[in-house]
Amino acid sequence: MTDPLNELRADRQRAGELADPHAGLCTLATVDEHGAPQVRTLVLRDMQDRFALFLNATSPKQRQLNSGQAAVCVYLASIQRQYRLSCSIEAIAPDIVRDSWQMRPDAPKRMDWYYVQGRVQSSDVTDRQTLLDELDAMTLTNPLHAPPEAVGYWLNPHFVERLDLAQDNGVHDRIAWSLASGRWTQTTLVP
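Sequential numbering from -12 applies to the sequence shown in my numbering.
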């Protein structure tokens, strides 16, 4: 039986080789405290043979992830494939988060500290220049390390759907996999 997570990994690798700018990204969907859907683009990490998301605990998405559930969409335009995953989530151990945080580019590292020392993520700021000035004025630890608010979540997919748009006859290929008792069951769906 095909493992859809290995299929997704292979397709992300292929898209990366084709310089697809979205090969390392996903769209995370959650529901806010008012029941409204929220979506945003995040980096999707593949580590320890699992998919992971990293974020700052000051973010509204942190509260939304407290439900323990998330939906993720990966669209790889270069190969015309979309994956939708329904997942339970589990917290990543703080030591793994701290180590992974060191791989972040400098600007996101500074932003993580800004959320703690300046303004929480998604809060109002007068204008972009004020944001940049406040970032420049921050004093950071040396060596720079992850703030306690840096968190991560393992994605534990229990449903995966792949839509392959690259069909010569124009009829999309749509497959779904469901996980039960540690085994994936595959179904072909009408596109």
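Yeah, the Cβ is synthetic: ideal placement off N, Cα and C, and Gly gets one too.
No experiment lies behind these values; they were computed from the predicted model shown.
Beta-carbon contacts of residue i that lie in its chain and below 6 Å, excluding the five residues immediately before and after
{"i": "Glu(-6)", "result": "none"}
{"i": "Arg149", "result": "Tyr70, Ile162"}
{"i": "Ala139", "result": "At residue 139 the sequence reads Gly, which differs from the Ala that was named. Cβ neighbours of Gly139 beyond the five flanking positions: Ala39, Phe41, Ile79, Val84."}
{"i": "Gln89", "result": "none"}
{"i": "Phe146", "result": "Ser73, Ser165"}
Close Cβ partners of residue i (< 8 Å) along its chain, the five nearest in sequence each way excluded
{"i": "Ala153", "result": "Ile66, Gln67, Arg68"}
{"i": "Leu176", "result": "Glu148, Arg161, Ile162, Ala163"}
Paired residues, beta bridge with residue i - DSSP
{"i": "Tyr140", "result": "Leu40, Ala78"}
{"i": "Leu127", "result": "DSSP, once it has assigned bridges, lists no residue as partnering Leu127."}
{"i": "Val180", "result": "Here the chain covers residues -12 to 178 and nothing more, so residue 180 does not appear."}
{"i": "Gln173", "result": "Trp164"}
{"i": "Arg32", "result": "Ala39"}
Whole-Å CB distance - residue i paired with residue j, under 8 Å assumed
{"i": "Ser75", "j": "Gln51", "result": "So it is not a contact: roughly 14 Å between Cβ atoms."}
Contacting residues, own chain, Cβ-Cβ under 7 Å from residue i (five flanking each side not counted)
{"i": "Ala64", "result": "Asp7, His9"}
{"i": "Gln104", "result": "Met125"}
Quiz item: Does the stretch 104 to 123 touch the stretch 57 to 72, meaning 3 or more C-beta pairs lie closer than 8 Å?
Solution: no
Exercise. Count the CB pairs spanning the stretch 156 to 176 and the stretch 88 to 102 that are closer than 8 Å, and state whether there are at least three.
Key: no
Quiz item: For the stretch 123 to 134 against the stretch 27 to 36, are there 3 or more C-beta pairs whose distance is under 8 Å?
Solution: no
Quiz item: At what residue ranges does the stretch 46 to 80 contain a whole run of the alpha helix (DSSP H), taking only runs of 4 or more?
Solution: Listed in chain order, the complete alpha helix (DSSP H) runs (minimum 4 residues) inside the stretch 46 to 80 are 47 to 51.
Quiz item: Does the stretch 14 to 24 touch the stretch 53 to 63, meaning 3 or more C-beta pairs lie closer than 8 Å?
Solution: As far as the Cβ criterion goes, the stretch 53 to 63 touches the stretch 14 to 24, which means the pair count is three or higher.
Quiz item: Could you give the uninterrupted runs of the beta strand (DSSP E) lying entirely in the stretch -2 to 25, keeping only those of 3 residues or more?
Solution: 12 to 18
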